[in-house]
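Residue numbers (my numbering), protein chains in the order written: chain A, 17 to 381; chain B, 17 to 381.
Heads up, the beta-carbon is just placed ideally off N, CA and C, and yes, glycines get one too.
First up is the structure itself, then whatever we jot down about it.
2 protein chains.
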Amino acid sequence: MRQASDHTPVWLMRQAGRYLPEYRDIRAKAGSFMGLATNRDYATEVTLQPLARYKLDAAILFSDILTIPDAMGLGLSFALGEGPKFAHNVRDEAAVAKLAVPDMDKLRYVFDAVTSIRKALTQADGRGSVPLIGFSGSPWTLACYMAEGAGSDDYRHVKTLMYSRPDLMHRMLAVNADAVALYLNTQIEAGAQAVMIFDSWGGVLADGAFREFSLAYTKRVLAQLKRTHNGKEDGIVIPRIVFTKGGALWLDEMGGLDCDVLGLDWTANLAKARAMVGGAVGGAGKALQGNIDPNVLFATPAVIQAEVAKVLNSFGQPHTDKTTTGATHIFNLGHGISQFTPPENVAVLVDTVHAYSKQQRTGHN
Amino acid sequence: MRQASDHTPVWLMRQAGRYLPEYRDIRAKAGSFMGLATNRDYATEVTLQPLARYKLDAAILFSDILTIPDAMGLGLSFALGEGPKFAHNVRDEAAVAKLAVPDMDKLRYVFDAVTSIRKALTQADGRGSVPLIGFSGSPWTLACYMAEGAGSDDYRHVKTLMYSRPDLMHRMLAVNADAVALYLNTQIEAGAQAVMIFDSWGGVLADGAFREFSLAYTKRVLAQLKRTHNGKEDGIVIPRIVFTKGGALWLDEMGGLDCDVLGLDWTANLAKARAMVGGAVGGAGKALQGNIDPNVLFATPAVIQAEVAKVLNSFGQPHTDKTTTGATHIFNLGHGISQFTPPENVAVLVDTVHAYSKQQRTGHN
Numbered sequence: 017m018r019q020a021s022d023h024t025p026v027w028l029m030r031q032a033g034r035y036l037p038e039y040r041d042i043r044a045k046a047g048s049f050m051g052l053a054t055n056r057d058y059a060t061e062v063t064l065q066p067l068a069r070y071k072l073d074a075a076i077l078f079s080d081i082l083t084i085p086d087a088m089g090l091g092l093s094f095a096l097g098e099g100p101k102f103a104h105n106v107r108d109e110a111a112v113a114k115l116a117v118p119d120m121d122k123l124r125y126v127f128d129a130v131t132s133i134r135k136a137l138t139q140a141d142g143r144g145s146v147p148l149i150g151f152s153g154s155p156w157t158l159a160c161y162m163a164e165g166a167g168s169d170d171y172r173h174v175k176t177l178m179y180s181r182p183d184l185m186h187r188m189l190a191v192n193a194d195a196v197a198l199y200l201n202t203q204i205e206a207g208a209q210a211v212m213i214f215d216s217w218g219g220v221l222a223d224g225a226f227r228e229f230s231l232a233y234t235k236r237v238l239a240q241l242k243r244t245h246n247g248k249e250d251g252i253v254i255p256r257i258v259f260t261k262g263g264a265l266w267l268d269e270m271g272g273l274d275c276d277v278l279g280l281d282w283t284a285n286l287a288k289a290r291a292m293v294g295g296a297v298g299g300a301g302k303a304l305q306g307n308i309d310p311n312v313l314f315a316t317p318a319v320i321q322a323e324v325a326k327v328l329n330s331f332g333q334p335h336t337d338k339t340t341t342g343a344t345h346i347f348n349l350g351h352g353i354s355q356f357t358p359p360e361n362v363a364v365l366v367d368t369v370h371a372y373s374k375q376q377r378t379g380h381n
Numbered sequence: 017m018r019q020a021s022d023h024t025p026v027w028l029m030r031q032a033g034r035y036l037p038e039y040r041d042i043r044a045k046a047g048s049f050m051g052l053a054t055n056r057d058y059a060t061e062v063t064l065q066p067l068a069r070y071k072l073d074a075a076i077l078f079s080d081i082l083t084i085p086d087a088m089g090l091g092l093s094f095a096l097g098e099g100p101k102f103a104h105n106v107r108d109e110a111a112v113a114k115l116a117v118p119d120m121d122k123l124r125y126v127f128d129a130v131t132s133i134r135k136a137l138t139q140a141d142g143r144g145s146v147p148l149i150g151f152s153g154s155p156w157t158l159a160c161y162m163a164e165g166a167g168s169d170d171y172r173h174v175k176t177l178m179y180s181r182p183d184l185m186h187r188m189l190a191v192n193a194d195a196v197a198l199y200l201n202t203q204i205e206a207g208a209q210a211v212m213i214f215d216s217w218g219g220v221l222a223d224g225a226f227r228e229f230s231l232a233y234t235k236r237v238l239a240q241l242k243r244t245h246n247g248k249e250d251g252i253v254i255p256r257i258v259f260t261k262g263g264a265l266w267l268d269e270m271g272g273l274d275c276d277v278l279g280l281d282w283t284a285n286l287a288k289a290r291a292m293v294g295g296a297v298g299g300a301g302k303a304l305q306g307n308i309d310p311n312v313l314f315a316t317p318a319v320i321q322a323e324v325a326k327v328l329n330s331f332g333q334p335h336t337d338k339t340t341t342g343a344t345h346i347f348n349l350g351h352g353i354s355q356f357t358p359p360e361n362v363a364v365l366v367d368t369v370h371a372y373s374k375q376q377r378t379g380h381n
């Protein structure tokens, strides 16, 4: 995040996206979603679009969480107005046996975009540059899409595999974890200044199964991640963010992850979460990222302001001691922004986070 | 539930349904889902079908959670292979103003079915009769469908209304709550021996909003419910079950509800839940209902047996003291059974619950 201690930093999951008319223009030019994502210049342009509109404190690489299974040969496509779809799915022993960590050359377009975006951000004038966050889907979330072959509302295929043949599921998750680690490390080498793991579907798992099939493999990724750029001993570490949608119930277990930031959706109570994993100043606590309901952005400016204040008050007075990441709040949505969001409402949200959190720090609320 | 203290009782949400070929036969005869639900004899027959196949410890009325908004005039229909759809939705002041508790005569088909099912159950021979559970959607869950006009994956319309016009949302929820209370009381009068409130979409709400827009109106329903049949002072009370999908995070707040049983989905840890709201013997604790992942039913018999044992062990040794509902477990799925479930696997689950929980009580596990 922007190293600001006078306000709570804010960025939005899926901030570069369909709710912006300038995004839709580029998307039309590119012809397809993958045409957009695989073109370095388009990816750079759309990543920067929300930063031109809003005073966001971070950029996030424009890409998709399913680039890894695509590089594994599963054939990713997006029909207009529909979700992602794979030409091949992974539901049996033969399909799992074929899986391997893909050649990172197949994902060169992602790393080229990272480098290009960093360059553009460094050249940005005005209020100065913001850090670039790289990302990946979590091993479990990738496995969901790989087994289902598309989005799902019951996760029947991935769970059938998991319950019937846990050996195959563990093999798939191990390959995914090693692929995710290599993918994120290559993004770091290309210039990413923080990395985030999206465990979008961790929350669909049963208690117990979450630990075994999602958390364990997020740990396997984290254990392999580079801490610095190109082995430089310059003291700049690459923060690692883990977001499990629906994971608030297991926050005690997530508190043990070797990461710096935990993302939370809107079902979480930030005060309780901070008490549980935020840690004391100087301790080994986690920063918390989140967690306003994206649907708040459909309300009036006055309601948006009130709801932003609620979230900031729920977290409470942040610590400004820079020696600890514990008890730090990064404002975000609890999930990706909706394509139907009125763009002017995003400005209300971002500006309110800055203004209100400044007042919070000076005790004027 | 069947008054059995030698084993853990078990029934399954949506146990009368599409996974059963005998259900699909009746569904085809009825021509449409509503044709099936509104015909007393068909509704009776499909309610009894799973009891003929499996040693279930309760029957649940075959109906739909959306009968109330249909009776309010919103025009419910089900296209084949799709979810429910309303001809009219409720998203603005004019539509909310028109809402009123519907005349229960419009729901006569439901109460007739309850009476007919009770009669059939009382006449059942062999292993004796089981109690009949009546049910309704929760005020919030009904509001979701009424605002969205159908199922949803983002709850955009209902949340836009909630955040923008909380006054209208509170009015809609108040009408829904009073309608649900009257509907359940009329089911009780018709013969229902327990009632369940399905808060299927409570879990999509933000922390805080859940309390204000879901829990508060579940309380309003519970406060109006009859405790006994027709005012009889025979000591037989009508147990009240509340199930919030995704509600495990708010279990401490749900523990304060004036109900006897809390339903839990598979994300909940039954040991933690029991410690939190199960209560001590003789105390005011809740019985817990749940919570195996329905997708376990796609695995092999050996896996199903192992997963059933995990859930029973997670709850732990039940108390058999009949003077308290606290620390009682009613085995169920964490959500409705999938239409793709192999029927023979349901027998494995039901029989394992009985056999394993009997051993548990005698200390032979």
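| query | result |
| --- | --- |
| Selection from B/Gly97, B/Val258, B/Leu137 that minimises the alpha carbon distance to B/Ser152 | B/Val258 |
| Own chain partners of A/Phe49 with C-beta closer than 6 Å, once the 5 adjacent residues on each side are dropped | Phe94 |
| Enclosing beta strand (DSSP E) for B/Pro358 [first to last residue] | Note, B/Pro358: premise wrong, no beta strand (DSSP E); not H, not E. |
| C-beta neighbour in chain A for B/Val297, strict 7 Å | In this prediction, B/Val297 scores a pLDDT of 46, lower than 50, which makes its location untrustworthy; the coordinate-derived value is nonetheless stated afterwards. Taking Cβ atoms only, chain A never reaches closer than 7 Å to B/Val297, which makes this a no. |
| Nearest neighbour of A/Thr316, chosen from B/Leu90, B/Pro182, B/Lys71 [CA to CA] | B/Pro182 |
| Classification of A/Arg40 by the beta-carbon crowding that lies within 10 angstroms, buried from 16 upward | exposed |
| Whole-angstrom C-beta distance between B/Gly271 and B/Met292, which should lie under 8 Å | 6 Å |
| Cβ contact (3+ pairs, closer than 8 Å) linking the region 124 to 140 of chain B and the region 61 to 75 of chain B | yes |
| CB contact flag (B/Thr176, A/Phe331, <7 Å) | no |
| Cutoff 7 Å: B/Tyr35 Cβ touching any chain A Cβ | no |
| DSSP beta-bridge partners of A/Ile346 | A/Gln305 |
| Own chain, CB closer than 8 Å to A/Asn348, minus 5 neighbours either side, in chain order | Val26, Trp27, Leu28, Met29, Gly279, Gln305, Gly306, Asn307, Ile308 |
| Cβ neighbours of B/Arg187 in the same chain (closer than 7 Å, five flanking residues each side left out) | Val112 |
| B/Ile84, buried or exposed, once every other Cβ within 10 Å from all chains shown has been counted against 16 | buried |
| Neighbourhood of A/Asp128 by C-beta distance below 7 Å, restricted to the same chain and skipping five residues each side | Arg56 |
| Within-7 Å CB hit, A/Asp57 to chain B | no |
| Minimum Cβ-Cβ distance from B/Asp194 to chain A less than 7 Å | no |
| Test: B/Tyr125 CB closer than 7 Å to a CB of chain A | no |
| 7 Å Cβ cutoff met for A/Arg172 and B/Asn311 | yes |
| Cβ of B/Leu265 within 7 Å of any chain A Cβ | yes |
| Three-way DSSP call (helix, strand, coil) for A/Thr283 in this model | coil |
| Amino acids of chain A, ordered along the chain, whose beta-carbon sits closer than 7 Å to that of B/Asn201 | Per Cβ cutoff of 7 Å: no residues; B/Asn201 is ~32 Å from chain A at best. |
| A/Ser152: first and last residue of the uninterrupted beta strand (DSSP E) it sits in | 148 to 153 |
| Residue from A/Gln375, A/His351, A/Ala363 with nearest C-alpha to A/Asn329 | A/Gln375 |
| Start-to-end residues for the beta strand (DSSP E) that takes in B/Pro100 | 100 to 102 |
| Within-7 Å CB hit, A/Lys175 to chain B | yes |
| Assigned exposure category for A/Gln139 - 16 Cβ within 10 Å defines buried | exposed |
| Close Cβ partners of A/Trp156 (< 7 Å) along its chain, the five nearest in sequence each way excluded | Leu189, Asp215, Trp217, Gly218, Phe229, Ser230, Tyr233 |
| Span of the beta strand (DSSP E) around B/Thr260 | 256 to 260 |
| Any chain A beta carbon closer than 7 Å to B/Tyr161 | no |
| 7 Å Cβ cutoff met for A/Ala163 and A/Arg107 | yes |
| Segment limits, alpha helix (DSSP H) that includes A/Ile320 | 317 to 331 |
| Straight-line Cα distance separating A/Glu109 from A/Lys71 | 49 Å |
| Close Cβ partners of B/Val324 (< 7 Å) along its chain, the five nearest in sequence each way excluded | Ile308, Leu365, Thr368, Val369, Tyr372 |
| is_contact[B/Thr54, chain A] using C-beta, thresh 7 Å | no |
| A/Gln355 versus A/Glu38, A/Thr24, A/Ser21, residue with shortest Cα-Cα distance | A/Glu38 |
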